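There are 2 protein chains.
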Amino acid sequence: MTEKIMARSKVDFPPDQSIGYLIRATYRTYIQDLEARLAEHDIPIGMWYFLRALWHQDGVTQRELSERVGSMGPTTAEQLNNIEARGYIVRKRSDTDRRKIHVHLTPKGRKLRDTLLPLAQRNNSDALRGFTAAEIETLRLSLFRIMENFGPRRANIGASRESMQNGKHKPVATRD
Amino acid sequence: MTEKIMARSKVDFPPDQSIGYLIRATYRTYIQDLEARLAEHDIPIGMWYFLRALWHQDGVTQRELSERVGSMGPTTAEQLNNIEARGYIVRKRSDTDRRKIHVHLTPKGRKLRDTLLPLAQRNNSDALRGFTAAEIETLRLSLFRIMENFGPRRANIGASRESMQNGKHKPVATRD
DNA sequence: TCGAATTAGTTCGGAGCCTAACTAATTATG
DNA sequence: CATAATTAGTTAGGCTCCGAACTAATTCGA
Chain A
1 MTEKIMARSK VDFPPDQSIG YLIRATYRTY IQDLEARLAE HDIPIGMWYF LRALWHQDGV
61 TQRELSERVG SMGPTTAEQL NNIEARGYIV RKRSDTDRRK IHVHLTPKGR KLRDTLLPLA
121 QRNNSDALRG FTAAEIETLR LSLFRIMENF GPRRANIGAS RESMQNGKHK PVATRD
Chain B
177 MTEKIMARSK VDFPPDQSIG YLIRATYRTY IQDLEARLAE HDIPIGMWYF LRALWHQDGV
237 TQRELSERVG SMGPTTAEQL NNIEARGYIV RKRSDTDRRK IHVHLTPKGR KLRDTLLPLA
297 QRNNSDALRG FTAAEIETLR LSLFRIMENF GPRRANIGAS RESMQNGKHK PVATRD
């Protein structure tokens, strides 16, 4: 009764018409779903991205991991501490450049891949249930374009340009 | 040199081909951009969503705010504490139901709207630079469909169905 | 070659968000 | 009407993530 609806006053820009709002909401439903799936295997979401990157390529440095996962140094360090404590990885100082630390999966960590990677695939295909291949490609391109619009230098946080397998990716403002 | 590329072995599912990964990456670029814009006005991102919801409709309860923003009770409580401490809102226990607390903007809080809301609009239009209206609509529908796929009961976290102004929204699995 | 700049990683502190467990008020039910 | 179930909000604690400031190693340039 004390509610005042200001909606139509002056500038009306309801939250749910903002693309940022939608992206956030979509992200949250996605992440909560994934979190629940991983919880069944006792894997905190924070570890997930790093394990995933390591299954894809083993032995990379922490710096490279940060880039691939899209996280900052401290986050990477912390998660690697957790993952190491569980015995999924070992860290080896580089011989040629002693600043660098290479991260290697242990057999235990490597074994996880077979049980956990299908989770990501199911999560993925569940998300896209009912989408045609063309719709998926359109969506992917749109997300790429948004990332590039937000900050060209950041557009490769989540995925590298060349990952668009069939180079249909329209190069938007490549910023030489 | 100690790197082993496992990419092509067995199940190859590179991170950047996962839609979840792309959504996460897009969300992160978006949120970091918004965070930076808000920082110039000394508004932490955590407050933003609640202020935004209150500018849209004032005097709602904390419960309603939680629903609109898509956050859980404790998050709402904490952010409202912060916002209240800054003098942007006051909380009033309901007379008719003393469990409820209605949240009201102060003049100070209301005034913020004029300076801050345009930020959201700029953030929005920057994100979508180069998109046609049709492309935007397609993207919005895709995000809605993903949310519904992840969990029908959650699909209204970020935006209510009727917010799709021109009812083109294909009702996917409306759950009776 | 030696000091400055850069690079890799860590430590610290804090923001944001959640779940679990709680209190208080209201509503439903026998 | 009394008790149980539900609803609104809070408190406590944990996970995720980041920026700032730091150490150590390497590279650059005068």
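Sequences listed follow chains A and B, in order.
Per the working numbering, the very first residue in the first sequence carries number 1; after that it's consecutive.
Per the working numbering, the very first residue in the second sequence carries number 177; after that it's consecutive.
Cβ atoms here follow ideal geometry from the backbone N, Cα and C, with glycine treated the same way.
In this text the structure is predicted, and so the values were computed from the model without any measurement.
Check                                                                                                                                                                 : Outcome
In or out: V279 (chain B) buried (at least 16 other Cβ within 10 Å) or exposed?                                                                                       : buried
Could you check where the alpha helix (DSSP H) with K276 (chain B) kicks off and where it finishes?                                                                   : Looking at the DSSP string, K276 (chain B) is not in any alpha helix (DSSP H), and its letter there is neither H nor E.
Using only CA atoms, which one of B:I312, B:T237, B:E324 and B:P191 lies nearest to S18 (chain A)?                                                                    : B:I312
8 Å is my cut-off, CB to CB: does M323 (chain B) come that close to chain A?                                                                                          : yes
Counting along the chain, where does the alpha helix (DSSP H) carrying R200 (chain B) start and finish?                                                               : I195 to A215
Whole-angstrom Cβ separation of I277 (chain B) and Q233 (chain B), contact assumed at under 8 Å?                                                                      : The pair is not a contact, with the Cβ atoms about 15 Å apart (cut-off 8 Å).
Using 8 Å as the threshold, is the region 28 to 42 of chain A in touch with the region 116 to 136 of chain A, meaning 3 or more CB pairs across them?                 : yes
Checking contacts by CB at 8 Å: is R154 (chain A) closer than that to chain B?                                                                                        : Low local confidence applies: a pLDDT of 47 at R154 (chain A) is under 50, so the model's placement there is unreliable, with the coordinate-based value given in what follows. Chain B contact via Cβ: present.
Any beta carbon of chain B sitting closer than 8 Å to that of D33 (chain A)?                                                                                          : yes
By a C-beta neighbour count over all protein chains shown, 10 Å radius and 16 as the cutoff for buried, is N149 (chain A) buried or exposed?                          : buried
Select from B:T251, B:T308, B:S318 and B:E240 the residue whose C-alpha is nearest the C-alpha of G130 (chain A).                                                     : B:S318
At a Cβ cut of 8 Å, what residues of the region 301 to 313 of chain B count as close to chain A, listed as they run along the chain?                                  : D302, A303, L304, R305, G306, F307, E311 and I312
Taking 8 Å as the threshold (beta carbon to beta carbon), is R269 (chain B) in contact with chain A?                                                                  : no
Are at least three pairs of beta-carbons, each pair with one atom in the region 20 to 35 of chain A and one in the region 193 to 207 of chain B, less than 8 Å apart? : yes
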